[in-house]
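See below for the structure under consideration.
Numbering (the working numbering), first residue to last: 261 to 320.
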């Protein structure tokens, strides 16, 4: 984060990603398998992280 800030002179915001994969797992259908399931989990986790960032941005 500090290197990015130094290079681009823009504010850097950190996000706690630890629970996003677990939340995504809960949203993925049980019938999904293999590579498709992992892709869905990653996509949903990214969505959750972005939603959380927007929610926190309102509080800054």
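Glycine residues also receive a C-beta, built at the ideal position from the N, C-alpha and C atoms.
Since this is a predicted model, take the numbers as computed values, not measurements.
Within its own chain, the residues whose Cβ lies closer than 7 Å to the Cβ of residue 305, once the five positions on either side in sequence are excluded, are 280, 281, 284, listed in chain order. Taking a C-beta distance under 8 Å as the contact criterion, residue 277 and residue 301 do not qualify as a contact pair. Residues of the same chain with a CB within less than 8 Å of the CB of residue 271, apart from the 5 flanking positions on each side, are 265 in chain order. Shown here, residue 265 sits in a helix according to DSSP, grouped into three states. DSSP places residue 282 in the uninterrupted alpha helix (DSSP H) bounded by 280–287.
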